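Residue numbers (our numbering), protein chains in the order written: chain A, 285 to 574; chain B, 4 to 295; chain C, 363 to 615. Note that beta-carbon positions come from the ideal geometry of N, C-alpha and C, so glycine has one too. Quick caveat: nothing in here was measured; it's all calculated off a predicted structure.
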Amino acid sequence: MDAVLDLLRTYSTTIAVIGVSALLALSVWLTLYAGQLTLGNAAFMGVGAYVSALLGRVLDVPFPLALVVGAFAAAVLALPLGAIVFRLRGVYLAIATLAFGEIVRVILLATPITGKGQGLNGIPPKTELWHIYLSLLVVAYVLWRVQGSSVGRAWAAIREDEIASASQGIAVGQHKLAAFVIGALIAGWAGGLSAHVTFSIDPSDFGFTKAVQVLVFAVVGGVPNVLGPILGAGVLTALPEVLRPLRDYRDIFQGAILLLVIIYLPRGLVTFVDVRRTRRLARIGAVDVA
Amino acid sequence: MAEQLYNAVFIGSIYALFALGFALVFSVLDILNLAHPTVFMLGAFVALFAIGTLGLPWFVALVVAVLVTGLFGIVLDRVAFAPLRRRGAPALSSMISSLAVTLIVVRLVELRYGGDFITFPAGAVPAFVLRVGDATFEGIRLAIVVLSVALMLVLTYVLQRTQLGRDLRALAENPRAARLLGVDVERAIAATFFVSSALGGLAGVLLAFAYNTLDSKMGVPLELRAFTVMVVGGMGSLPGAVIGAYILGFGEVASLVYLPTELRDAFAFGLLFLVLVARPTGLLGQKSPDRV
Amino acid sequence: MLLETVGLTKRFGGVTAVDRVDLGIAEGETLGLIGPNGAGKTTLINLISGVVGADVGTIRLSGSDVTGLPAHRLAALGIARTFQGVRVFKGLTVYDNVLIGRHTRMRSDVLARLVPRPREVADPDWARSLSLIERVGLGRRRADVLAGELPYGDQRRLEIARALASEPRLLILDEPAAGMNPTESVGMRALIESLRVEGLTILLIEHDVRLVMDTCQRVVVLNFGRKIADGTPIEIQHDPAVREAYLGTEAVA
Numbered sequence: 285m286d287a288v289l290d291l292l293r294t295y296s297t298t299i300a301v302i303g304v305s306a307l308l309a310l311s312v313w314l315t316l317y318a319g320q321l322t323l324g325n326a327a328f329m330g331v332g333a334y335v336s337a338l339l340g341r342v343l344d345v346p347f348p349l350a351l352v353v354g355a356f357a358a359a360v361l362a363l364p365l366g367a368i369v370f371r372l373r374g375v376y377l378a379i380a381t382l383a384f385g386e387i388v389r390v391i392l393l394a395t396p397i398t399g400k401g402q403g404l405n406g407i408p409p410k411t412e413l414w415h416i417y418l419s420l421l422v423v424a425y426v427l428w429r430v431q432g433s434s435v436g437r438a439w440a441a442i443r444e445d446e447i448a449s450a451s452q453g454i455a456v457g458q459h460k461l462a463a464f465v466i467g468a469l470i471a472g473w474a475g476g477l478s479a480h481v482t483f484s485i486d487p488s489d490f491g492f493t494k495a496v497q498v499l500v501f502a503v504v505g506g507v508p509n510v511l512g513p514i515l516g517a518g519v520l521t522a523l524p525e526v527l528r529p530l531r532d533y534r535d536i537f538q539g540a541i542l543l544l545v546i547i548y549l550p551r552g553l554v555t556f557v558d559v560r561r562t563r564r565l566a567r568i569g570a571v572d573v574a
Numbered sequence: 004m005a006e007q008l009y010n011a012v013f014i015g016s017i018y019a020l021f022a023l024g025f026a027l028v029f030s031v032l033d034i035l036n037l038a039h040p041t042v043f044m045l046g047a048f049v050a051l052f053a054i055g056t057l058g059l060p061w062f063v064a065l066v067v068a069v070l071v072t073g074l075f076g077i078v079l080d081r082v083a084f085a086p087l088r089r090r091g092a093p094a095l096s097s098m099i100s101s102l103a104v105t106l107i108v109v110r111l112v113e114l115r116y117g118g119d120f121i122t123f124p125a126g127a128v129p130a131f132v133l134r135v136g137d138a139t140f141e142g143i144r145l146a147i148v149v150l151s152v153a154l155m156l157v158l159t160y161v162l163q164r165t166q167l168g169r170d171l172r173a174l175a176e177n178p179r180a181a182r183l184l185g186v187d188v189e190r191a192i193a194a195t196f197f198v199s200s201a202l203g204g205l206a207g208v209l210l211a212f213a214y215n216t217l218d219s220k221m222g223v224p225l226e227l228r229a230f231t232v233m234v235v236g237g238m239g240s241l242p243g244a245v246i247g248a249y250i251l252g253f254g255e256v257a258s259l260v261y262l263p264t265e266l267r268d269a270f271a272f273g274l275l276f277l278v279l280v281a282r283p284t285g286l287l288g289q290k291s292p293d294r295v
Numbered sequence: 363m364l365l366e367t368v369g370l371t372k373r374f375g376g377v378t379a380v381d382r383v384d385l386g387i388a389e390g391e392t393l394g395l396i397g398p399n400g401a402g403k404t405t406l407i408n409l410i411s412g413v414v415g416a417d418v419g420t421i422r423l424s425g426s427d428v429t430g431l432p433a434h435r436l437a438a439l440g441i442a443r444t445f446q447g448v449r450v451f452k453g454l455t456v457y458d459n460v461l462i463g464r465h466t467r468m469r470s471d472v473l474a475r476l477v478p479r480p481r482e483v484a485d486p487d488w489a490r491s492l493s494l495i496e497r498v499g500l501g502r503r504r505a506d507v508l509a510g511e512l513p514y515g516d517q518r519r520l521e522i523a524r525a526l527a528s529e530p531r532l533l534i535l536d537e538p539a540a541g542m543n544p545t546e547s548v549g550m551r552a553l554i555e556s557l558r559v560e561g562l563t564i565l566l567i568e569h570d571v572r573l574v575m576d577t578c579q580r581v582v583v584l585n586f587g588r589k590i591a592d593g594t595p596i597e598i599q600h601d602p603a604v605r606e607a608y609l610g611t612e613a614v615a
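As structure tokens, this is what we get:
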């Protein structure tokens, strides 16, 4: 037991980062589940991070409340985004969400109160590991159950075929927007948690690189299954640690593994977990990502 | 004022050279090659290697860099895209595989040269200037502008008038039909990647010469702007990419006058977002963003 | 009149796909819609089902103006359809496909689903969906099969089950028998017939002229986007304009 606690302590930052990454990956997973490719969730994470950190510092708002407000700020910001871009599809949607995310990042960079390029420092370390993992558990559970509900089915239908979905009475635009906004909510929450673990944040933490990284977690992990993004986040975040002995060659191995997975495991890492379903989906050539 | 204009044209030309390669691959193969910024960087570093380590004169280094990056483009396709094409993977997979290659290549370059800014050995890069009235124009930048325009014309000619060009356009239109009509698809794809990467590499070498600095991350700012350029000009349209590049170049230089430096990036993204919302097909776009 | 269109027109660029079409379908009627390729049949039903918006004209459902309503609203109002070239949700099971068809009749059950429950208790629409699956000839055992794993003919049946799941007032079938062999066609005909007998209003597009003639009480013929004939199957068969459209001459069919 002591050994386990020791392990936890030594690697607590990594474990925290894995948890946050998994939450972020789930936020992207949700939009992918509805067939929407988004690269904006890093920015929503940033919004959650900054809003919750600033609320705590400037207005002395208690931690849980700050987190909630941060998450909602992200969700509110996602509303106009969704309404504007839901006409776009595939690559265009990805680029539009990326552009949106970058605009948010640049605004964060330019607003004095955020500390601009220097970022925000001295954020109290209020987040405990259990906060992160409880959130992860709740979010993962809810998303898993939602899959089997009418809303989840509607999202799956939209992912498969938007026109056919509309003809079945599904309000496609509203459902896509809902996926976007809920994804932003989760990302904002993750951002709030993350800010209070890393002590300081700056806008470059929430840019293109992060957005892509999160997307990679979700896709490499595998989309049809809620476990996918969690697996992806876990493996890809832990990998650099595991590969530490390789030091300088670490990134090369990471790149190589990413390459191999994306080419040879079309359904992602989750293939190892959900073999039967993966095989059936593969047989009919089902596309699970926009 | 003339300086500003000249700057805008110069920047637009770099964007255009870079975006042309990017747009070429997208229009022919429908994939976003996220490793394109890497060939940009690679071109510059190959030139550095050729000049610094092999001691070659700059114009030879230039040619070598272009050839090497062109070949790299073919290798890139074989490794990252061809297997995905074979199993009909969605576009997202190609984006991620090219990203993976980027990770590997950037790291390899950093292992050899480190991650900081490097300059070329003294005197290796030509630096002549042209004086017109009060204004001074650096020869390199002028050469870049001229070269860019010339290359665009050559590319247009190749696409419109040669067999290869016809093959590429057929491939862009309808891959299956192209194959049935006897187009050597593999050769056409290889040619596409060679040209695209060679153009990217050339842009990288020229930019490195012009500023006399290079670093492993030099492709990143261009990557994001390439999106703007393509969307503004119209995805899948090569002339559109060129026009978009100059619009962005001019817009950015102009915006520098009115916007604080931190918001400079915002111009490119703001423009991108605006176009996607108002007119997703861009100026000359052929591919519908509403494709269901 | 269950459904009426007045002067319905749709242009795509320079082409007028549907040209001032007046159409009426009475409750309980089975109306056939035929015409040469490119006559505008699919566009017409795309207009009626809300997939595209009309440029000119009105559509009335039971007297109320529904012109311009989007597809999902029309589905909620009782218009269901199948697609030329089947559009089932390939990556989802047969059961899920039908359940999605019931979307407009189901209440949102997100909160309820948060607590795991055995299937029968969790889905009141379960029995209904399964019976529909059987109704179209698919068989209960197939409920968990992925739609993409079904043979083409079964996918068509699934599409019909999905359309029926919403308990529509008007069922639009776009070439349900296309690509079917004679045995499958017979089965399809029987299915359509049984639906007709139950009193369902059906709008049927088909190239299989015999199918149309046998199952429809009335037939409308389109050519170049315009309605050129409207009458009973017998009348249509003898209409010179129709013959000309199909054959190009006044020769015997």
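Leu57 of chain B: first and last residue of the uninterrupted alpha helix (DSSP H) it sits in = Here residue 57 of chain B is taken as the residue at index 54 of the second sequence, counted from 1. Boundaries cannot be given for Leu57 of chain B, as no alpha helix (DSSP H) includes it and DSSP labels it neither H nor E.
So, Ala509 of chain C versus Phe586 of chain C, is the Cβ gap smaller than 8 Å?
-> Here residue 509 of chain C corresponds to residue number 147 of the third sequence, with the count starting at 1. Here residue 586 of chain C corresponds to residue number 224 of the third sequence, with the count starting at 1. Contact flag unset, no.
Under the three-state DSSP convention, the category Leu323 of chain A falls into | Residue 323 of chain A sits at position 39 when you count from the first residue of the first sequence. It is coil, neither helix nor strand.
Thr367 of chain C touches chain A at which residues, Cβ-Cβ below 8 Å?
-> What you label residue 367 of chain C is simply residue 5 of the third sequence in a count that begins at 1. What Thr367 of chain C touches in chain A, judged by beta-carbon distance under 8 Å, is nothing: the nearest beta carbon there is about 18 Å away.
Of all the CB atoms in chain C, is at least one closer than 8 Å to the CB of Glu386 of chain A?
-> In the first sequence, the residue the question calls residue 386 of chain A occupies position 102. No, because no Cβ of chain C sits closer than 8 Å to the Cβ of Glu386 of chain A.
Among C:Leu393, C:Thr404, C:Leu364, C:Glu606, which has the Cα closest to the Cα of Gln446 of chain C?
-> Position 84 of the third sequence, counted from the start, is the residue given in the question as residue 446 of chain C. Measuring from the Cα of Gln446 of chain C, the nearest candidate turns out to be C:Thr404.
When the cut-off is 8 Å and only beta carbons count, does Gly515 of chain C lie next to chain A?
-> The residue you call residue 515 of chain C lines up with position 153 of the third sequence. No, Gly515 of chain C lies away from the interface with chain A (no Cβ there is under 8 Å from its Cβ).
Uninterrupted beta strand (DSSP E) stretches inside the region 521-548 of chain C (no shorter than 3 residues) = With a minimum length of 3 residues, the continuous beta strand (DSSP E) runs that stay inside the region 521-548 of chain C are 532-536.
Would you say Ala53 of chain B reaches chain A, if we count a Cβ-Cβ gap shorter than 8 Å as a contact?
-> Translated into the one-based positions of the second sequence, residue 53 of chain B becomes position 50. Not an interface residue.
Do Ala502 of chain A and Gly491 of chain A come within 8 Å of each other at the CB atom, strictly closer than that value?
-> Along the first sequence, one-based indexing puts residue 491 of chain A at 207. Along the first sequence, one-based indexing puts residue 502 of chain A at 218. Pairing Gly491 of chain A with Ala502 of chain A gives a Cβ-Cβ distance that is not under 8 Å.
Can you give the Cα-Cα distance for Val31 of chain B and Glu189 of chain B, rounded to whole angstroms?
-> In the second sequence, residue 31 of chain B corresponds to position 28, counting from 1. In the second sequence, residue 189 of chain B corresponds to position 186, counting from 1. The alpha-carbon separation between Val31 of chain B and Glu189 of chain B amounts to approximately 12 Å.
Short CB-CB distance (under 8 Å) between Ala574 of chain A and chain C | As a first step, residue 574 of chain A must be located in the first sequence, where it is residue number 290. Residue placement at Ala574 of chain A is poorly supported in this model, since its pLDDT is 33, which falls under 50; the coordinates still yield a value, given next. Closer than 8 Å: no.
Reference Leu338 of chain A; option with closest CA among A:Arg551, A:Thr398, A:Ala380, A:Pro524 = Reading the first sequence from its first residue, position 54 is the one you call residue 338 of chain A. Checking every option, the nearest Cα to that of Leu338 of chain A belongs to A:Thr398.
Return no unless some Cβ of chain B is closer than 8 Å to the Cβ of Phe492 of chain A.
-> The residue you call residue 492 of chain A lines up with position 208 of the first sequence. Chain B, which has a Cβ nearer than 8 Å to the Cβ of Phe492 of chain A, makes this yes.
Please list the segments of the alpha helix (DSSP H) lying wholly inside the region 411-488 of chain C, counting only runs of 4 or more residues, in order along the chain.
-> Here the runs fully enclosed are 433-439, 456-463, 472-475, 481-484.
In terms of residues, what are the limits of the beta strand (DSSP E) holding Phe374 of chain C?
-> By one-based count along the third sequence, residue 374 of chain C stands at place 12. Where Phe374 of chain C is concerned, the enclosing beta strand (DSSP E) stretches over 365-374.
Among A:Thr315, A:Pro409, A:Ile514, A:Tyr425, which residue has its Cα nearest to the Cα of Leu473 of chain C?
-> Position 111 of the third sequence, counted from the first residue, corresponds to residue 473 of chain C. Answer by Cα proximity: A:Tyr425.
Chain C beta carbons: is any one of them nearer than 8 Å to that of Gln320 of chain A?
-> Mapped onto the first sequence, residue 320 of chain A falls at position 36. So, not an interface residue.
Could you give the C-beta distance for Leu279 of chain B and Tyr376 of chain A, rounded to a whole number, given that I count them as a contact under 8 Å?
-> To locate residue 279 of chain B, count along the second sequence from 1; it is residue 276. To locate residue 376 of chain A, count along the first sequence from 1; it is residue 92. Going by Cβ atoms, the distance from Leu279 of chain B to Tyr376 of chain A rounds to 6 Å, so yes, they are a contact pair.
Start-to-end residues for the alpha helix (DSSP H) that takes in Asp268 of chain B | Your numbering for residue 268 of chain B matches position 265 in the second sequence. 267-281 is the extent of the alpha helix (DSSP H) around Asp268 of chain B.
Report yes if the C-beta distance between Ala83 of chain B and Ala38 of chain B is below 8 Å; otherwise report no.
-> Position 80 of the second sequence holds residue 83 of chain B. Position 35 of the second sequence holds residue 38 of chain B. Result yes, Cβ atoms of Ala83 of chain B and Ala38 of chain B sit closer than 8 Å.
Neighbour flag for Ile299 of chain A against chain B, beta carbons, 8 Å | Taking the first sequence and counting its residues from 1, one reaches residue 299 of chain A at position 15. Not one beta carbon of chain B lies nearer than 8 Å to the beta carbon of Ile299 of chain A.
Chain A beta carbons: is any one of them nearer than 8 Å to that of Ser426 of chain C?
-> Locating residue 426 of chain C in the third sequence gives position 64, where the first residue counts as 1. It does not; no Cβ of chain A falls within 8 Å.
Run of the beta strand (DSSP E) containing Thr378 of chain C, from where it starts to where it stops | Start at 1 with the first residue of the third sequence, and residue 378 of chain C comes out as number 16. Residues 377-387.
Excluding the five sequence neighbours on either side, which residues of its own chain have a C-beta within less than 8 Å of the C-beta of Pro178 of chain B, listed in chain order?
-> Taking the second sequence and counting its residues from 1, one reaches residue 178 of chain B at position 175. In chain order, Val188 place their CB closer than 8 Å to the CB of Pro178 of chain B, counting only its own chain and leaving out the 5 sequence neighbours on each side.
Leu339 of chain A versus chain B: which residues are under 9 Å apart at the beta carbon?
-> Numbered from its first residue, the first sequence carries residue 339 of chain A at position 55. Residues of chain B passing the Cβ test: none, with the nearest at roughly 23 Å.
In DSSP terms, what Ile121 of chain B is bridged to = By one-based count along the second sequence, residue 121 of chain B stands at place 118. Note: Ile121 of chain B sits in a beta bridge opposite B:Leu217.
Is there a Cβ from chain C that is less than 8 Å from the Cβ of Ile470 of chain A?
-> In the first sequence, the residue the question calls residue 470 of chain A occupies position 186. With 8 Å as the cut-off, Ile470 of chain A does not count as an interface residue toward chain C.
Along chain B, in chain order, which residues have C-beta atoms closer than 7 Å to that of Gln402 of chain A?
-> For the purposes of this step, residue 402 of chain A is taken as the residue at position 118 of the first sequence. Within chain B, no C-beta atom comes less than 7 Å from the C-beta of Gln402 of chain A; the nearest is roughly 12 Å away.
Cα separation between Ile407 of chain A and Arg341 of chain A?
-> As a working note, residue 407 of chain A is residue 123 in the first sequence. As a working note, residue 341 of chain A is residue 57 in the first sequence. Distance between the alpha carbons of Ile407 of chain A and Arg341 of chain A: 8 Å.
Taking C-beta pairs closer than 9 Å, name the residues in chain B that Gly539 of chain A reaches, listed in chain order.
-> Start at 1 with the first residue of the first sequence, and residue 539 of chain A comes out as number 255. Here the neighbours are Leu102, Ala103, Val104, Thr105, Leu106, Ile107, Val108, Val109, Arg110.
Kindly indicate which three-state DSSP category Ala92 of chain B falls into: helix, strand or coil?
-> Within the second sequence, numbered from 1, the residue matching residue 92 of chain B stands at position 89. Of the three classes helix, strand and coil, the one that applies to Ala92 of chain B here is coil, per DSSP.
Say whether the region 408-423 of chain C touches the region 578-598 of chain C, bearing in mind that this needs 3 or more beta-carbon pairs closer than 8 Å, one atom from each stretch.
-> In short, these stretches do not touch, since the Cβ pair count stays below three.
State the Cα-Cα distance for the pair Leu343 of chain A and Ile485 of chain A, rounded to the nearest angstrom.
-> Against the first sequence, residue 343 of chain A aligns to sequence position 59. Against the first sequence, residue 485 of chain A aligns to sequence position 201. Straight-line Cα distance between these residues: approximately 18 Å.
Selection from A:Arg389, A:Gln431, A:Leu310, A:Ala287 that minimises the alpha carbon distance to Ser470 of chain C | Reading the third sequence from its first residue, position 108 is the one you call residue 470 of chain C. Taking only the C-alpha atoms, the option nearest Ser470 of chain C is A:Gln431.
For Leu87 of chain B and Ile541 of chain A, the rounded distance between their alpha carbons = The count along the first sequence starts at 1 and reaches residue 541 of chain A at position 257. The count along the second sequence starts at 1 and reaches residue 87 of chain B at position 84. Ile541 of chain A and Leu87 of chain B: Cα-Cα distance of roughly 16 Å.
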